[in-house]
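I have placed the structure first, in the form of structure tokens, so that the comments after it can refer back to it.
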Amino acid sequence: MRFDAIIAGGTVVDGTCENEPFVADVGILGDSIAAIGALSKAETPRRISATGKVVCPGFVDVHVHSEIALLGGRDQFAAVSQGVTTHLAAPDGFGWAPLPPEQAQEMWHYTQFAYGDAVLPLNWQTPDAYLDIFHGRIPANLYPQVPHCAVRLGAMGWEARPATDAELKAMERTTREWLEAGACCLCLGLDYQPSANADLRELVFLSKIAAAYDAIYAAHIRYRILGRKQAWEETIEIAQRAEIPVHISHERVDEEAAEVLERVERENIDLTFESYLYPAGMTHLAMMLPMEFQTGAPVDMLENLENPDVREKSLAHLREELRGGNQIMGYNRSGRFIGMTLAEAAKSEGKSQEDFAFDLIQEEAAIETFVMPWATPPEENERILNRTASHPRMMIASDGVYNIPHPHPRSYGCFVQYLGKFVRERQLVSLKEAIYKMSGFPAERFRLTDRGRISRGLAADIVVFNPDTVADRSTWFDPVQPPVGVEWVFVNGISVIEAGNVTGQLPGKVLRQQ
Ligand SMILES: [Zn+2]
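Next comes the structure, spelled out in structure tokens:
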């Protein structure tokens with residue numbers, strides 16, 4: 252038999268949790284894995300020696316703000332350099348379709364903190380019109396989710412109230428359009444506008460529609476309105492009332508979560524979550540304002556901040572939220588203070604931290620992003636991360652933000668940090684299980700039937716890495732650093748990384764739930 256390429260003699264870690272690693276050759280033909288076994292006699296123009304290397308499925312990132320960066324610009328290959336071959340779209344329910352151009356523009360303004368300075372047409376009247384822009388232009392696959400922010404915005408604008416029956420009907424139509432287009436999940440950002448205004452009735456109503464398409468529910472849960480514990484419990488209630496599998500975005504196993512997870516186990520609730528395993532988040536300062544001042548279209552929200560009473564109430568809130576001043580400026584519209592801490596930037600302007608933060612929101616039209624370190628002490632952070640790294644319901648996802656000057660280190664390092672630090676150095680999880688948490692597990696959970704495993708007939712999304720050297724190099728203050736040890740990455744049978752170098756090929760496809 253003849254193959255387009257053979258990856259020879261590597262240790263195959265196949266992305267399942269069942270099979271132990273085994274040495275084999277992997278033959279690629281077209282966009283598929285055509286054979287696994289002894290292929291030394293087979294013909295091929297391209298035989299890649301993988302002796303001593305791990306050959307595993309491409310990683311599936313279920314929560315990542317990458318879809319616009321995949322189209323071009325400075326970070327187009329940042330994720331694939333780590334081995335990520337499939338990205339889910341619409342994290343936190345962010346999306347711009349299908350919306351009339353004015354509303355799409357408002358939504359772009361609101362979400363730009365997580366997507367950078369891209370210039371987009373912002374006029375997609377159907378999910379497919381949006382998904383069409385990716386054809387032939389992306390290095391890795393894109394898999395759509397239903398973007399609840401766009402669904403709600405299209406049905407009722409930025410209204411901060413429960414939906415009427417007619418508005419729910421309108422949301423149902425758009426949700427169905429996305430599901431018909433192959434979206435695998437109803438995705439929510441319940442601390443973000445306008446999703447934060449959805450009540451439980453709306454979430455259960457839309458979840459039942461998603462469940463009928465065998466889609467799941469994933470959410471940045473309602474931390475700010477409900478508090479963490481109740482936000483977890485709300486998610487469980489949705490799982491039970493809508494009979495839908497649920498998934499919680501960017502979480503960690505500390506005492507509070509561990510308690511809820513015990514209940515999840517006891518009651519056998521169909522719940523998973525994901526972690527990036529760094530002790531800091533990344534978001535915009537506008538999220539630190541009292542919730543009542545975050546509502547409305549971005550221009551209306553900004554106009555409201557002009558009110559002196561609003562300023563005064565917000566300052567008290569910001570003072571508390573931004574204690575320490577160790578947040579790192581990742582991005583803002585005018586490009587000032589990049590890489591500085593909030594404390595340094597405020598000092599350079601001769602302002603208190605809260606005054607600086609409030610003024611920055613106004614001056615940058617709320618287009619600003621910060622790395623936000625956790626408030627817990629460092630030793631406790633490490634304990635929490637270690638405990639999270641091996642939790643059976645946890646999968647790895649980066650929550651990476653790209654196309655900004657100073658990203659969170661997870662954008663360039665999440666998947667390789669897991670392999671280097673948590674698997675090789677700390678030995679908290681076996682290699683087999685770690686690979687599963689980055690490939691087979693997310694693929695199964697998000698209904699990706701033809702990827703996530705090294706198996707004959709499946710799509711040839713394959714990573715070859717050196718288990719002795721694989722590691723992240725991105726740091727808090729030097730985050731744009733590609734990893735080491737990832738040698739080959741194939742997407743749909745085409746090599747996007749060859750011997751550690753980016754090839755520039757763009758073989759990514761838009762995937763659809765079958
Ligand atoms: Zn989020």
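Count along the sequence shown from 1, add 251, and you get the number used in the working numbering. Note that CB positions come from ideal geometry on N, CA and C, so glycine has one too.
Shortest alpha-carbon distance to residue i belongs to which of the options?
{"i": "residue 708", "options": "275, 285 and 412", "result": "285"}
{"i": "residue 535", "options": "434, 612, 641 and 501", "result": "612"}
{"i": "residue 526", "options": "664, 645, 694 and 581", "result": "645"}
{"i": "residue 523", "options": "529, 513 and 530", "result": "513"}
{"i": "residue 474", "options": "466, 385 and 484", "result": "484"}
{"i": "residue 715", "options": "268, 261, 252 and 271", "result": "261"}
{"i": "residue 252", "options": "580, 259, 268 and 293", "result": "293"}
{"i": "residue 668", "options": "683, 394, 658 and 647", "result": "647"}
{"i": "residue 327", "options": "687, 655 and 699", "result": "655"}
{"i": "residue 737", "options": "731, 744, 743 and 722", "result": "722"}
{"i": "residue 761", "options": "309, 270 and 383", "result": "383"}
{"i": "residue 528", "options": "354, 342, 651 and 447", "result": "651"}
{"i": "residue 752", "options": "354, 521, 313 and 332", "result": "332"}
{"i": "residue 456", "options": "480, 490 and 478", "result": "490"}
{"i": "residue 687", "options": "254, 269, 470 and 541", "result": "269"}
On the DSSP bridge assignment, give the partners of residue i in chain order.
{"i": "residue 261", "result": "275"}
{"i": "residue 752", "result": "749"}
{"i": "residue 344", "result": "For residue 344, which the question treats as bridged, DSSP gives no partner whatsoever."}
{"i": "residue 739", "result": "715"}
{"i": "residue 350", "result": "375"}
{"i": "residue 621", "result": "534 and 580"}
{"i": "residue 539", "result": "BP columns for residue 539 are empty, so no partner."}
{"i": "residue 524", "result": "499 and 645"}
{"i": "residue 307", "result": "714"}
{"i": "residue 288", "result": "276"}
{"i": "residue 663", "result": "None; residue 663 has no bridge partner."}
{"i": "residue 687", "result": "Paired residue(s): none; residue 687 is not in a bridge."}
{"i": "residue 299", "result": "258"}
{"i": "residue 440", "result": "471"}
{"i": "residue 294", "result": "253"}
{"i": "residue 338", "result": "312 and 393"}
Within 10 Å of its beta-carbon, does residue i have 16 or more other beta-carbons around it, so buried, or fewer, so exposed?
{"i": "residue 704", "result": "buried"}
{"i": "residue 623", "result": "buried"}
{"i": "residue 392", "result": "buried"}
{"i": "residue 766", "result": "Because the chain here runs from 252 to 765, residue 766 falls outside it and cannot be looked at."}
{"i": "residue 304", "result": "buried"}
{"i": "residue 664", "result": "buried"}
{"i": "residue 276", "result": "buried"}
{"i": "residue 746", "result": "buried"}
{"i": "residue 300", "result": "exposed"}
{"i": "residue 678", "result": "exposed"}
{"i": "residue 743", "result": "buried"}
{"i": "residue 426", "result": "buried"}
{"i": "residue 363", "result": "buried"}
{"i": "residue 403", "result": "buried"}
{"i": "residue 620", "result": "buried"}
{"i": "residue 585", "result": "exposed"}
{"i": "residue 627", "result": "exposed"}
{"i": "residue 411", "result": "exposed"}
If I'm right that residue i touches residue j with Cβ under 8 Å, what's the distance once you round it to whole angstroms?
{"i": "residue 279", "j": "residue 256", "result": "5 Å"}
{"i": "residue 347", "j": "residue 401", "result": "6 Å"}
{"i": "residue 440", "j": "residue 367", "result": "So it is not a contact: roughly 18 Å between Cβ atoms."}
{"i": "residue 674", "j": "residue 336", "result": "19 Å between Cβ atoms; not a contact."}
{"i": "residue 274", "j": "residue 307", "result": "Rounded, the Cβ-Cβ distance is 13 Å, inconsistent with contact."}
{"i": "residue 342", "j": "residue 314", "result": "5 Å"}
{"i": "residue 435", "j": "residue 697", "result": "5 Å"}
{"i": "residue 357", "j": "residue 616", "result": "About 12 Å; that fails the 8 Å criterion."}
{"i": "residue 596", "j": "residue 588", "result": "4 Å"}
Examine ligand 2 and report whether any of its heavy atoms sits within less than 7 Å of the Cβ of residue i.
{"i": "residue 342", "result": "Annotation note on ligand 2: not contained in the displayed structure, which lists ligand 1 as its ligands."}
message: Give the residues whose C-beta lies closer than 5 Å to at least one heavy atom of ligand 1, in chain order.
response: 343 and 471
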